[in-house]
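Data first, discussion second: the structure below is written as structure tokens.
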Amino acid sequence: MISRRQFVARLGAGAAAWPLMARAQQTTPVIGFLRSASLADATNLIHAFREGLREIGYIEGQNVVIEYRSAENDPERLTVLTIEFVRRPVALIVGNVLSALAAKAATATIPIVFATGTDPVRDGLVSSLNRPGGNITGVSFLAERLGAKRLELLHQLAPTATNIAGLVARTPDAASERQELEEAAQTIGQRLTISEVATDRDIESAFTAFVALGAGALIVVGGAFMFGNREQIVALAARHRLPASYPLREYVAAGGLMSYAPSITEAYRQVGVYAGRILKGDKAGDLPVMQSTKFDLVINIKTAKAMGITVPPLLLARADEVIE
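Under numbering that gives the first Met the number 0, the first residue of the sequence shown carries the number 0, and numbering increases by one thereafter.
This is the structure:
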């Protein structure tokens, strides 16, 4: 039996421990992971981000908390979610380019780490790549600068196509890549028919229009919206037998024909590394923006055979990865 004195002593010890436990919980950093598009289609990116954090010593559920939010392509909701993270406040915010822009507009103190396929200087995210300054840094996988190369490779795959269809999201993060693609097409004298889409129904309608216009091949411009709808896009390209070039390997893994791109999963792993460094005390503005340096050509031979396409041997020999 416990004496009254022992009971009081234990009660006092427990009471003293509560503030310590509360402080321990409060000191566990919380990361706000914000995406303008769906999280359901970004599980591989989330996994890569966690791997990067783990490399720096942060494991979700043990010494770091990650709160995930998606605006589901709604700009107003994106603003609301950003403000919620700022008011919480989280230790730092991680996001794609639209999320990072919303976060930058909402806070000048909470660190922000972005992943973008566009130019972060031109987009106004950072003042320079080497010295981002302020409270923001991140990783640029430079997808928008590959338009000319992607058109060249697509021409090798579909040499008789005189009209190339371009599928572009009606979002700010796709505007610069569209412009670069149009300029590349003009330079090489390639006819390009662009359709902007913002919904699943738009995508269906765009393919119907492409077929009616006699498009012989398709090039898909990147962005979070397109990435989230990659399975629908790949299926429609197969249904209409349109040889297609995609902005990321993930499209080819989903059954797409070809991609020439940097690794977006590697970009998110690097974002995780930067997030961990910031949690350990580095200042976001002192960390130079990382840039992708490796670009891979991926071809899905199974899809090519199903569409009746013969991949030129020289193009096949150049491929970094062949999916069979």
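Glycine included, each C-beta is placed from N, C-alpha and C at the ideal position.
Mind reading off the beta-carbon distance from LEU296 to LEU152? Whole number of angstroms is fine, and I expect it under 8 Å.
So it is a contact: roughly 7 Å between Cβ atoms.
When the Cα of ALA183 is compared with those of SER204, LEU212, GLY146, GLN155, which residue comes out closest?
Checking every option, the nearest Cα to that of ALA183 belongs to GLY146.
Assign GLN332 to one of two classes, buried (16 or more other C-beta atoms within 10 Å of its C-beta) or exposed (fewer than that).
Examination of residue 332 is not possible in this model, given that the chain is present from 0 through 323 alone.
Under 8 Å by Cβ, that's how I've got GLU66 and PHE32 pegged, so tell me the actual separation to the nearest angstrom.
That pair is a contact at about 7 Å.
Member of ALA266, ARG268, ARG169, VAL125 whose CA lies at the smallest distance from the CA of VAL220:
Measuring from the Cα of VAL220, the nearest candidate turns out to be ARG169.
In chain order, what residues of the same chain lie with their CB nearer than 7 Å to the CB of SER35, ignoring the 5 residues before and after it?
Correct list, in chain order: ALA70, ASN72, LEU77, ASN95, LEU97, SER98, ALA223.
Could you tell me if GLN189 is buried or exposed, where buried requires 16 or more neighbouring beta carbons within 10 angstroms of its beta carbon?
GLN189 counts as buried, since no fewer than 16 other beta carbons sit within 10 angstroms of its beta carbon.
Limits of the beta strand (DSSP E) - the one that ALA164 falls within
The continuous beta strand (DSSP E) containing ALA164 extends over residues 162-168.
Please list, in chain order, all residues of the same chain as GLU320 whose beta carbon is under 7 Å from its beta carbon, the five residues on each side excluded.
Apart from sequence neighbours up to five positions away, the residues of its chain that approach GLU320 with a beta-carbon distance below 7 Å are ASP295, VAL297, ordered along the chain.
Buried/exposed call for ASP122, threshold 16 Cβ in 10 Å:
ASP122 counts as buried, since at least 16 other C-beta atoms from the protein chains shown sit within 10 angstroms of its C-beta.
I'd like the span of the beta strand (DSSP E) that includes TYR259, first residue to last.
Here the beta strand (DSSP E) through TYR259 covers 257-260.
Quick test of your reading: GLY51 and VAL270, contact by CB under 8 Å. State the CB separation rounded to the nearest angstrom.
About 6 Å separates the two Cβ atoms, so the contact holds.
If ASN134 sits next to ILE109, beta carbons under 8 Å apart, how far is it from one beta carbon to the other, in whole angstroms?
At roughly 7 Å, the Cβ-Cβ gap stays under 8 Å, so ASN134 and ILE109 are in contact.
My assumption, with CB atoms under 8 Å, is that PRO242 sits in contact with ALA318. Please give the rounded CB distance.
About 15 Å separates the CB atoms of PRO242 and ALA318; that is not less than 8 Å, and the two are not in contact.
In terms of residue numbering, what span does the alpha helix (DSSP H) encompassing SER98 cover?
That run of the alpha helix (DSSP H) goes 96-105.
Per DSSP, what kind of secondary structure is LEU296 in: helix, strand or coil?
LEU296: strand per DSSP, three-state reduction.
Within its chain, find whatever has a CB closer than 6 Å to the CB of ILE193; leave out the 5 residues flanking it on each side and keep chain order.
So the qualifying residues of the chain are GLY165, VAL167.
Does the separation of the CB atoms of LEU256 and ALA236 fall below 9 Å?
Contact flag set, yes.
Whole angstroms are fine: how far does the CA of ARG53 sit from the CA of ASP285?
Cα-Cα distance, rounded: 22 Å.
Whole angstroms is fine: what's the gap from VAL288's alpha carbon to LEU38's?
The alpha-carbon of VAL288 is positioned some 24 Å away from that of LEU38.
Through-space distance from ALA90 to GLY227, alpha-carbon basis
Approximately 27 Å, taken between the alpha carbons.
Just to confirm my understanding: we take ALA173, look at its own chain, exclude 5 residues before and 5 after, and list those with CB closer than 6 Å. What are they?
VAL167, VAL220, GLY222.
C-alpha distance - PHE140 paired with VAL233, whole-angstrom precision:
Rounded to the nearest angstrom, the two C-alpha atoms are 22 Å apart.
Cβ neighbour criterion (16 or more within 10 Å) applied to GLU203
For GLU203, the number of other beta carbons within 10 angstroms of its own is below 16, and it is reported as exposed.
Give me the Cβ distance between ILE293 and PRO246, rounded to the nearest whole Å; I'm assuming they're in contact under 8 Å.
Note that residue 293 is Lys in the sequence shown here, rather than Ile. That belief does not hold up - the Cβ atoms of LYS293 and PRO246 are roughly 15 Å apart, past 8 Å.
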